[in-house]
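Student: A single structure is presented below for examination.
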Amino acid sequence: MKSDHDHGHSAAIEIEDTTAVSKGKAPLLPSSSAPARYGSNEKGLAILDSIVRVCAAVAALASAGAMGNSDQTLPFFTQFFRFQASYDDITTFQFFVIGMAIVGGYLFLSLPFSIVCIARPRAIGPRFLLVVLDTVALTLATASGAAAAAIVYLAHNGNPSANWFAICQQFGDFCKNASGAVVGSFVSVVLIVALVVLSAVAIKRI
Numbered sequence: 000m001k002s003d004h005d006h007g008h009s010a011a012i013e014i015e016d017t018t019a020v021s022k023g024k025a026p027l028l029p030s031s032s033a034p035a036r037y038g039s040n041e042k043g044l045a046i047l048d049s050i051v052r053v054c055a056a057v058a059a060l061a062s063a064g065a066m067g068n069s070d071q072t073l074p075f076f077t078q079f080f081r082f083q084a085s086y087d088d089i090t091t092f093q094f095f096v097i098g099m100a101i102v103g104g105y106l107f108l109s110l111p112f113s114i115v116c117i118a119r120p121r122a123i124g125p126r127f128l129l130v131v132l133d134t135v136a137l138t139l140a141t142a143s144g145a146a147a148a149a150i151v152y153l154a155h156n157g158n159p160s161a162n163w164f165a166i167c168q169q170f171g172d173f174c175k176n177a178s179g180a181v182v183g184s185f186v187s188v189v190l191i192v193a194l195v196v197l198s199a200v201a202i203k204r205i
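Start counting the sequence shown at 0; every next residue gets the next number (numbering that gives the first Met the number 0).
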């Protein structure tokens with residue numbers, strides 16, 4: 000009788016110890032919903048990246064197209080001179096058109112990598128490639144927009160010290176298209192900055 004009582008008592012103690020250990024370890028186990036929550040957040044960043052990328056590409060190509068259509072001929076002319084202003088008369092504007100066209104084309108070509116990031120939100124390779132190439136595109140877009148902005152400023156205001164006259168009073172349509180193109184380029188620059196930030200945040204979360 001004594002041995003049976005001791006055996007039952009020890010069994011009860013073992014059950015209590017097991018329950019106590021399991022209760023102590025339960026809070027340390029990760030929640031099953033945590034990985035899904037992190038994955039959904041990273042997928043949301045990838046979707047936002049694709050949307051911003053399309054908007055930046057449209058802004059870049061629209062600015063290149065607007066500058067490429069900057070061409071105006073005045074209605075009066077002489078026997079020897081025709082008063083005309085065109086973007087290809089200014090090397091800076093040519094650089095702008097080429098640079099923004101390259102940026103817009105790159106942004107569209109990079110969309111498959113952004114889609115890969117949606118399908119595989121924890122893949123770090125495509126993210127790292129995008130952040131590097133986006134930084135290069137940001138540099139080109141900023142250089143193109145800043146250079147063109149300086150010429151547009153001179154077209155509007157001139158420079159009396161250098162005897163450079165403002166031409167926008169005569170070539171209003173030309174200056175309007177060029178100014179709109181510069182504004183579009185800076186919109187693209189802001190959106191590309193957002194792309195770099197999104198990629199950096201996504202890499203940090205991975």
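C-beta atoms are modelled at their ideal positions from N, C-alpha and C, and glycine is treated no differently.
1. Report yes if the C-beta of ALA142 is less than 7 Å from at least one heavy atom of the ligand SAM; otherwise report no.
2. Measure the CB-CB distance between LEU47 and LEU197 and report whether it falls below 8 Å.
3. In whole angstroms, what separates the C-alpha of TYR152 from that of PHE94?
4. Quick one: any contact between the segment 83–99 and the segment 135–146, if contact means 3 or more CB pairs under 8 Å?
5. Whose C-beta lies closer than 7 Å to the C-beta of GLY103 among residues of the same chain, with five residues either side of it excluded?
6. Is it buried or exposed, ILE123, if we count other Cβ atoms within 10 angstroms and call 16 or more buried?
7. Tell me, to the nearest whole angstrom, how far the beta carbon of MET99 is from that of ALA177; I am working on the premise that it is less than 8 Å.
8. Helix, strand or coil: how does DSSP classify SER85 here?
9. Please list the terminal residues of the continuous alpha helix (DSSP H) segment that includes ALA149.
10. Give me the residue from GLY43, PRO120 and THR72 with the minimum Cα distance to CYS167.
11. Shortest alpha-carbon distance to ASP70 belongs to which of ARG121, VAL135, PHE173 and VAL195?
12. By Cβ distance below 8 Å, which residues in the same chain neighbour VAL115 in space, the five residues on each side in sequence not counted?
13. Out of ILE191, ASN162 and SER39, which has the shortest C-alpha to C-alpha gap to ALA140?
14. So, at 8 Å on beta carbons, what are the nonlocal neighbours of ASP87 in its own chain, with the 5 sequence-adjacent residues on each side left out?
15. May I ask which residues mark the beginning and end of the alpha helix (DSSP H) holding SER184?
16. Please confirm whether PHE112 and LEU129 have their CB atoms less than 8 Å apart.
17. Under 7 Å Cβ to Cβ from ILE117, same chain only, skipping five residues before and after it: list those, please.
18. Compare the C-alpha of LEU194 against each of ALA84, THR91 and LEU110 and name the closest.
19. Please classify GLN71: does DSSP put it in a helix, a strand, or coil?
20. Just to confirm before moving on: does the CB-CB distance between ALA154 and ALA165 stay below 8 Å?
21. Between the alpha carbons of ALA84 and ILE150, how many angstroms are there, rounded?
Tutor: On the basis of the data shown:
1. In terms of ligand content, the structure shown is empty, and the ligand SAM therefore cannot be addressed.
2. Yes. Within cutoff.
3. Linking TYR152 to PHE94 through their CA atoms gives a straight-line distance of about 17 Å.
4. Yes, they touch.
5. So the qualifying residues of the chain are ALA56, ALA59, LEU60 and ALA63.
6. With fewer than 16 other Cβ atoms within 10 Å, it is exposed.
7. 13 Å between Cβ atoms; not a contact.
8. In the structure shown, SER85 falls within a strand segment according to DSSP collapsed to helix, strand and coil.
9. Annotation for ALA149: the continuous alpha helix (DSSP H) segment containing it runs 123–156.
10. That would be THR72, whose Cα lies nearest to the Cα of CYS167.
11. For the options ARG121, VAL135, PHE173 and VAL195, the alpha carbon positioned closest to that of ASP70 is the one of PHE173.
12. Scanning its chain for C-beta atoms nearer than 8 Å, with the 5 sequence neighbours on each side dropped, one finds around VAL115 the residues ALA122 and PRO125, in chain order.
13. Residue ILE191 is the option with its Cα nearest to ALA140.
14. Excluding positions up to five away in sequence, the list reads GLN93.
15. It spans 171–204 - the alpha helix (DSSP H) in which SER184 sits, taken as one unbroken run.
16. In this structure, LEU129 lies closer than 8 Å to PHE112 by Cβ.
17. Correct list, in chain order: LYS42, ALA45, ILE46 and SER49.
18. For the residues ALA84, THR91 and LEU110, the minimum Cα distance to LEU194 belongs to LEU110.
19. For GLN71, the three-state secondary structure derived from DSSP is strand.
20. For ALA154 and ALA165, yes; Cβs fall inside 8 Å.
21. Approximately 13 Å between the Cα atoms of the pair.
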